[in-house]
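First comes the structure, then the notes that go with it.
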Ligand code: WTA
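In the numbering used here, the protein residues as written are 633 to 1199.
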C-alpha cells in the first residue's frame, strides 16, 4: 500500500495539520530544518540508522549514521558561531557533492544561518553575482574551487570567511581563509540549535529569469512541512527505503528532496559524487540496493540512448518507485522506462520558487504518459487566462499554471527584490510562468515556458546573463541568446552574434567565445552553437527580438512582426 493511498480521497480530506501533527509541530513552536533532519531523528530512537551512503568518483564510499549527522552538523554549526557568524547571515556552500555539502547544509541551518548552495561548476562571474547580491558572509569550499573564489574576493568586502574543508597545508592560506576539517574538529557536544521559527529564512537558491540578474528565491524553515509530506506522498518514502536523488544541491531539487525530504522522514539516502555514465548509475543502484530513484528527463533520455541492453546487465530488482523532475518528461521516456525497468517514471512538476512539488503523478494513480499529473494534496492549482488571470474551467485550453498562495514551502521573497516578487502574484494566484492545459480528467499537460528562459538538461539559464557576459568579449558587438531544440537536453544554448568591426567569424573565434562563457558562467551556459550574423532583429525601440530567432530554431510560426525594425 502506498503512503498516499487513494489520491482523490487524500486530496479531498488533506490539510497541512496532518503533516504538522506527524512532525509534532504546533504553530508558534520553534522549527529548525537542521534539527528536524538530524537531532530529532536520533531522539526518535533511530540514531544508529544509516543516514548517508556516499560514493566518490573513484568508487570510495563513506557511511554516516543519524548520530553522526547530528554530531557533525553541530560541530560545523559551532565552528561557524566561533567565527562570529550569527543567525540570518548567509553562508554559501560551494562544494562538489561531498559529505560536507550535505552535513554542512544542516550545520548552517542549525546555527540559524541562511544556506546558500551554489553549483560547484559555476565560473567566477556566476559566483560573484550571487555572492554580491546576497551579501554573503562566508563560503565553504574545497581546494579545487578556491581559485575561483580568490579571483573575485577583492570585490566582495562582505565575504569575511572562506572556509576550506580539505586543506593539505602544502600552501599557506591567504587573508580571510581558514581551514576546517569536519572529521578532525573537536566534536561539539550539547550544541544549542538556534531557535528559528516558521518564518525564519532558511535557504536561498538563485534562479534565472528573462531579464536582470539571477534572483535569490528565499525560503523559510516552515517549508519543511511541505517537503516532509510530499516526500511521503509523492516519493512514497518509507522507513526501510534506500533513496537516491540524482540532483546536485546547487539546485532546489538537490536540497528540498536531496537533503530535507528523506532525512526529515528518517530515511537513508545515498549520493554519487561522479559524472553521469549509464553503467556507473546502474551499478550504484545495484550495489546500494536503491529502492526509490528521483531523477530528471535528460538523464532518462541519456539512459535511453544507451539502450535497454546496458540496463539488462545489472540487477536493479531493489527499485520500487521512480520519479522525475525538471523538464517535460516525454511519453516515449515514460513508456521506455516501464519496458526497461518494469517501473514507470512518475513525472513531478514544481520550481525553485514553489520549494516543494506542486503537480505530480502518484503511486497507484493512473498515469497518462506525457502528463505532469494532478495537484499535490494541500495545494490548489489551476490554469489561468494569459491576459485576465481568471481560472480557465474548460478542458484543453492553454493557460498559465497558477497556485493559490499558502502552501508551506512557497518562497517568501526574492532577496532584495520585493518588486519582482510581488509581480509574480496576480488576481490572488501565484503565477508559475509556465503554460499548460488541463484535460477532462483533471490531468495537467505542459506546453512550454511563458518567458525566454532556457531549460537545458533540467537547468534554467537566463539569456540575459549570457548576453551580458558575451558583451565582455572583445569581438562581440551584440548578441541574442535562445534555446535550440536538442534530443537529449531538451534545449541547448544558441548564441547569435554580430561582431565588432575588425573581427571575422572563424572556428577559432567560435571556440574562443564558447570557452569564454564556460569559464565565466558555467558549462551549462556555454553556447553549443554560435551563428555569426550581420545584425539582429530589433523592435522599433531597439529591443532585440529573441522571440523571432527562437521561433526559427523551433520551426514555429514567427508571429506578429509588425513592431520589427526592418519590416
Ligand atoms: C520546468 C526545478 C515540465 C518548468 C524543480 C519550471 C518542468 C522550471 C517540470 C523550474 C516538469 C520543472 N515538466 N517542466 N515536470 N518540472 N519544469 O526552478 O519550466 O530549476 O518552471 O526547479 O522547470 O525549474 P527550477
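Heads up, the beta-carbon is just placed ideally off N, CA and C, and yes, glycines get one too.
Considering only their Cβ atoms, is the gap separating residue j from residue i smaller than 9 Å?
i: residue 1162; j: residue 1146; result: yes
i: residue 924; j: residue 961; result: no
i: residue 716; j: residue 884; result: no
i: residue 893; j: residue 850; result: no
i: residue 764; j: residue 787; result: yes
i: residue 1082; j: residue 1095; result: no
i: residue 703; j: residue 682; result: no
i: residue 945; j: residue 973; result: no
i: residue 671; j: residue 724; result: no
i: residue 797; j: residue 736; result: yes
i: residue 652; j: residue 917; result: no
i: residue 1112; j: residue 1190; result: no
i: residue 809; j: residue 778; result: yes
Determine the direct distance from the alpha carbon of residue j to that of residue i, and round the result to whole angstroms.
i: residue 1198; j: residue 1169; result: A caution first: residue 1198 carries a pLDDT of 43, below 50, which makes its placement in the model too unreliable to give a value.
i: residue 772; j: residue 663; result: 24 Å
i: residue 1015; j: residue 1079; result: 12 Å
i: residue 952; j: residue 795; result: 40 Å
i: residue 645; j: residue 636; result: 11 Å
i: residue 1182; j: residue 996; result: 39 Å
i: residue 732; j: residue 813; result: 9 Å
i: residue 936; j: residue 981; result: 21 Å
i: residue 1141; j: residue 1148; result: 10 Å
i: residue 912; j: residue 726; result: 25 Å
i: residue 1035; j: residue 1013; result: 4 Å
i: residue 638; j: residue 1061; result: 27 Å
i: residue 930; j: residue 1092; result: 13 Å
i: residue 684; j: residue 865; result: 22 Å
i: residue 741; j: residue 834; result: 6 Å
i: residue 640; j: residue 826; result: 39 Å
i: residue 872; j: residue 633; result: 14 Å
i: residue 992; j: residue 760; result: 35 Å
i: residue 964; j: residue 958; result: 17 Å
i: residue 1104; j: residue 1032; result: 36 Å
i: residue 647; j: residue 1020; result: 29 Å
i: residue 1156; j: residue 784; result: 21 Å
i: residue 902; j: residue 694; result: 10 Å
i: residue 887; j: residue 984; result: 10 Å
i: residue 880; j: residue 1090; result: 11 Å
i: residue 999; j: residue 801; result: 55 Å
i: residue 904; j: residue 920; result: 10 Å
i: residue 700; j: residue 928; result: 30 Å
i: residue 821; j: residue 1077; result: 51 Å
Could you tell me if residue i is buried or exposed, where buried requires 16 or more neighbouring beta carbons within 10 angstroms of its beta carbon?
i: residue 1229; result: Not covered by the structure: residue 1229. The range shown for the chain is 633 to 1199.
i: residue 862; result: buried
i: residue 876; result: buried
i: residue 643; result: buried
i: residue 1047; result: buried
i: residue 1143; result: exposed
i: residue 890; result: buried
i: residue 1270; result: Residue numbering for the chain in the displayed model covers 633 to 1199; residue 1270 lies beyond these limits and cannot be assessed.
i: residue 1166; result: exposed
i: residue 762; result: buried
i: residue 1010; result: buried
i: residue 1131; result: buried
i: residue 933; result: buried
i: residue 1178; result: buried
i: residue 943; result: buried
i: residue 811; result: exposed
Any heavy atom of the ligand SAH within a distance shorter than 8 Å of the CB on residue i?
i: residue 1066; result: Among the ligands modelled here, namely the ligand WTA, the ligand SAH does not occur.
Whole-angstrom Cβ separation of residue i and residue j, contact assumed at under 8 Å?
i: residue 1150; j: residue 882; result: With a Cβ gap of about 16 Å, residue 1150 and residue 882 do not count as contacting.
i: residue 838; j: residue 847; result: 7 Å
i: residue 1101; j: residue 1026; result: That pair is no contact at about 44 Å.
i: residue 721; j: residue 752; result: 21 Å between Cβ atoms; not a contact.
i: residue 1114; j: residue 1126; result: 6 Å
i: residue 1003; j: residue 926; result: In fact, because the Cβ distance is near 18 Å, the residues do not count as touching under 8 Å.
i: residue 1117; j: residue 1039; result: That pair is no contact at about 33 Å.
i: residue 869; j: residue 897; result: 5 Å
i: residue 1200; j: residue 895; result: Since the displayed the chain opens at 633 and closes at 1199, residue 1200 lies outside it and no answer follows.
i: residue 1001; j: residue 967; result: 6 Å
query = Counting pairs of Cβ atoms below 8 Å between the region 813-820 and the region 775-795, do you hit three or more?
reply = As far as the Cβ criterion goes, the region 813-820 does not touch the region 775-795, which means the pair count is below three.
query = Does the region 675-691 touch the region 825-837, meaning 3 or more C-beta pairs lie closer than 8 Å?
reply = Contact between the region 825-837 and the region 675-691 is absent: fewer than 3 CB-CB pairs across the two stretches fall below 8 Å.
query = Are the region 686-693 and the region 701-719 touching, with three or more C-beta to C-beta distances below 8 Å?
reply = Flag = no, the region 686-693 and the region 701-719 do not touch.
request  = Examine the Cβ distances between the region 654-673 and the region 738-752 and report whether three or more of them are shorter than 8 Å.
outcome  = These segments touch.
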